[in-house]
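This report concerns only the one structure given below.
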DNA sequence: GATGAATGAGGCTTCATTCAT
DNA sequence: CATGAATGAAGCCTCATTCAT
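Written as structure tokens, this is what we have:
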């Protein structure tokens, strides 16, 4: 018998509501992303974000606890997307150094070109804004670095080499991230040369490969 | 009567005044540096800066046009210092790849350890705060990148090789800066491990050398 | 055909509905009472009240016109309860001064101990919140004061005395209310000493009796 | 010799500045008092207060940390004034019951009549607004109650009596405060009858005297 | 009747900057 | 030169209330 407390199949209109709610959430997040990338986190006001998303300020606060929560969730999402993207390539490469090449190319030629706003937020706007945000940022970076490091260790085992020092794998992972970051920043955010990113990416990738090799020693 | 416009020999008290003025300027800049590094550019208020420098807000405004001017001059100074430091090593190396090694080691083992606050400001606080600041930041980065690029070209000519592409030298310069930046950020600002910077720096330097070699071709 | 306006015998389900409705009303009022006493009228939001009552905000607005209406009805209810309680004792005492003793003891030893939340709302939360509420509060106080005054006049007639001035009866009534109020506030709300309320109440009651006697003159 | 660090005699203009600053502080406090008494603490906005004081909002925040600080300092001041007023009478009475009479008369006939706004704030607006304020309020009340209690103990010793219970003196002190409070509230704030306060006060005072006597026992 | 997403006016507070002394 | 009181625009956020479903 129908128990009121029991979760029934959601009705059609409930489903639609749910979808609309999710859509709103994404619309607001998108508006904020756009403004943060264009005007900067501090210069973009909550009212502007609401306006661009075509909702009231109250609605923004219905979906996000506060302004910081907005960029926090944004960062979370971008980080997730980035990890997914890079992780896939490393997995497919399965211990060969090819994964590093393909991951780099995917990053420069696809991610950067398709989502320059996300790049700007991830590498510029999320820096130095608040303690909590900085802590979050650190965590996300560390996860990605951990991923890269794991890939480096797999390569090491696969090729039967060892690295220069205990820290080498980690340092290389950090270095690679740093290269990605600044190259994207330089050519995308500062110089608006998405066209050149192909050549640039290939060079960068070769630089990385050379770096890895130079820290590898045969047993 | 002495023409006021004509530069007389400065009197003793004028000299003292001059010295005191310069001292004030530096005190304020130092206080701001401290606070920006600790609390962030936005969270540090002009009043706090004045307090820490033991002057009044008005005095801060006598020496600096506005808050942005403060960080602008700070950035300028740090950039100059950094260029000096790295440039010297490249000059001394005179076309050999040794310059890259020594520059890296100097950066990680001396600059970072001695001036962690400057690192925080240069790589974190100056990002994404205002258009003008961002433009300034870009210029300073470009100068340093230009320096590194010149050094790379000198190495190329010296070793009689050529690089993979037209852009290779530039990309490598950018990459090296990116590595510096993120490694400093990761191990100094985030993990507070100045002790490990020696090992880390050596690995980083070898990574760079490997990268450069891998983008070099013999004629 | 049954005229909709005509009151038919209510069906069973209508009765149930009616009961449920009343129950809801009381649940919401109780939740509000709880929150007003704990967090204060202003700090308690309509959403919190709805949450605690396990209904939606909309439902709260179905039963109460607005937030003020909530505390208004609450006050009304508490005032009614209080008048009932005290009034009964005065009636039973029937002109002797005993009624004042018993009323006081009932107030301190029963009402305060059983309903500290009501005390907090009646004497603290309802003060200084809005004009309308203040007007309501005034009315309720005046009714109670009128009750006490009537009891005092009955005592006067019964004992064959007269009071010091025209206003004496009223002033005494107000004084007694003031004593009740502050003693409850002090020992219940501020010092959480419900245990001591017995001793305290007895002292207070004797104070009142002494006060009344001192304003009485034999003809 | 003149030491720059050493506090010299303040110059005339410094003194004037100091005076002006104090004046501003008082002007703002006065404006706030006026508005709090008229419109209530919550309904009075910081902007209105600034307007009435003829300064900018910023200036209000220069002198007071926040809105709560405003009423906190106000309360402090009123409490101090009240204690002074009552305390003086008790001291002069020196153990006789006369002090209670005079203190009451002073309160009703002078304080209430001269400063009805302060009465409104002390007894109405400061109630139930915030935790910190409530804590402060409690402290101030307790001090006054302590004063009254001390006076009662002196009377006891002087007259060579003892009170009904351990708590009697305290309960009487609380009761007296409660009477003062509600009588002032009733006749001043609610019924605007300052004229009647003389008669009312005399009755109240006699009530108190009777109460005290009734709790006193000869050894 | 019940729901809860949406609204938006209004409040508090901060802080870079100015300027009379 | 130095001071620090004064300014006021601008921003973040809350929350009582409404209304379509």
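Residue numbers (our numbering), protein chains in the order written: chain A, 1 to 219; chain B, 1001 to 1219; chain C, 2001 to 2219; chain D, 3001 to 3219.
Positions of the beta carbon are idealized from the N, C-alpha and C atoms, including for glycine.
Computed from a predicted model, the values in this text were never measured in an experiment.
For residue 1092 of chain B, the enclosing alpha helix (DSSP H) starts and ends at 1067 to 1093. Residues are counted here when their Cβ sits less than 8 Å from a Cβ of chain D; for the segment 2135 to 2149 of chain C these are 2138, 2141, 2145, given in chain order. Judged by their CB atoms, residue 2089 of chain C and residue 2078 of chain C are not nearer to each other than the 8 Å cut-off.
For the pair residue 212 of chain A and residue 173 of chain A, the CB atoms are not nearer than the 8 Å cut-off. Residue contact check for residue 1167 of chain B against chain A: a CB pair falls below 8 Å. Beta-carbon to beta-carbon, residue 108 of chain A and residue 200 of chain A are separated by about 7 Å, close enough to satisfy the 8 Å threshold. Taking 8 Å as the Cβ-Cβ cut-off, the segment 206 to 218 of chain A approaches chain B at 206, 207, 208, 209, 210, 211, 212, 213, 214, 215, given in chain order.
Beyond the five residues adjoining it in sequence on each side, residue 3083 of chain D comes within less than 7 Å, by CB distance, of 3143, 3144, 3147 in the same chain, given in chain order. Bounds of any beta strand (DSSP E) do not take in residue 3180 of chain D; it lies within the alpha helix (DSSP H) bounded by 3168 to 3184.
A straight line joining the alpha-carbon of residue 1025 of chain B with that of residue 1063 of chain B spans about 6 Å.
Residues of the same chain with a CB within less than 8 Å of the CB of residue 3092 of chain D, apart from the 5 flanking positions on each side, are 3099, 3102 in chain order.
For residue 1041 of chain B, the closest Cβ of chain A is nearer than 8 Å. Between residue 2186 of chain C and chain D, the shortest Cβ-Cβ separation is below 8 Å. Residue 2217 of chain C sits in a strand when the DSSP states are folded into three classes. Residue environment for residue 1218 of chain B: exposed (fewer than 16 other C-beta atoms within 10 angstroms of its C-beta).
If you draw a straight line from the Cα of residue 1189 of chain B to the Cα of residue 126 of chain A, it is about 15 Å long. Between the segment 3175 to 3190 of chain D and the segment 2172 to 2187 of chain C, the count of Cβ pairs shorter than 8 Å is three or higher; the stretches touch. With respect to residue 1179 of chain B, residue 1208 of chain B sits close: the two C-beta atoms are nearer than 8 Å. Excluding residues up to 5 positions away in sequence, 44, 48, 49, 52 lie with their Cβ nearer than 8 Å to the Cβ of residue 35 of chain A in the same chain.
A residue is called buried when at least 16 other Cβ atoms come within 10 angstroms of its Cβ; residue 1056 of chain B does not meet this threshold and is exposed. Following the DSSP letters along the chain, one finds residue 3102 of chain D inside the alpha helix (DSSP H) bounded by residues 3098 to 3105. Ranking D/3072, D/3203, D/3164 by CA distance to the CA of residue 2205 of chain C puts D/3164 first. Note on residue 1013 of chain B: under 16 other CB atoms within 10 angstroms of its CB, so exposed under the neighbour-count rule. With a threshold of 16 other beta carbon atoms within 10 Å, residue 3192 of chain D falls short and is exposed. For the segment 2042 to 2058 of chain C, the set of residues with a beta-carbon nearer than 7 Å to any beta-carbon of chain D comprises 2042, in chain order.
Contact between residue 1187 of chain B and residue 128 of chain A fails: their C-beta atoms lie close to 18 Å from each other, not under 8 Å. Interface annotation, residue 2104 of chain C: not in contact with chain D, CB-CB separation never under 8 Å.
A straight line joining the alpha-carbon of residue 2130 of chain C with that of residue 1054 of chain B spans about 48 Å. Of the residues assessed, residue 3021 of chain D falls on the exposed side of the cut-off, its CB having fewer than 16 other CB atoms within 10 angstroms. For the options C/2081, C/2097, C/2087, the alpha carbon positioned closest to that of residue 2216 of chain C is the one of C/2097.
Listed by position along chain A, the residues whose Cβ is nearer than 7 Å to that of residue 1178 of chain B are 178, 179, 181, 182, 183. When secondary structure is reduced to three states using DSSP, residue 2055 of chain C falls in the coil class, being assigned neither helix nor strand. DSSP lists C/2216 as the beta-bridge partner residues of residue 2163 of chain C.
Around residue 2104 of chain C, the same chain offers 2201, 2204, 2205, 2208 as residues with beta carbons nearer than 7 Å, after the five sequence neighbours per side are excluded.
In this structure, the CA atom of residue 1110 of chain B is about 12 Å from the CA atom of residue 1119 of chain B.
Here residue 2032 of chain C really is in contact with residue 2070 of chain C; their C-beta atoms are around 5 Å apart, less than 8 Å.
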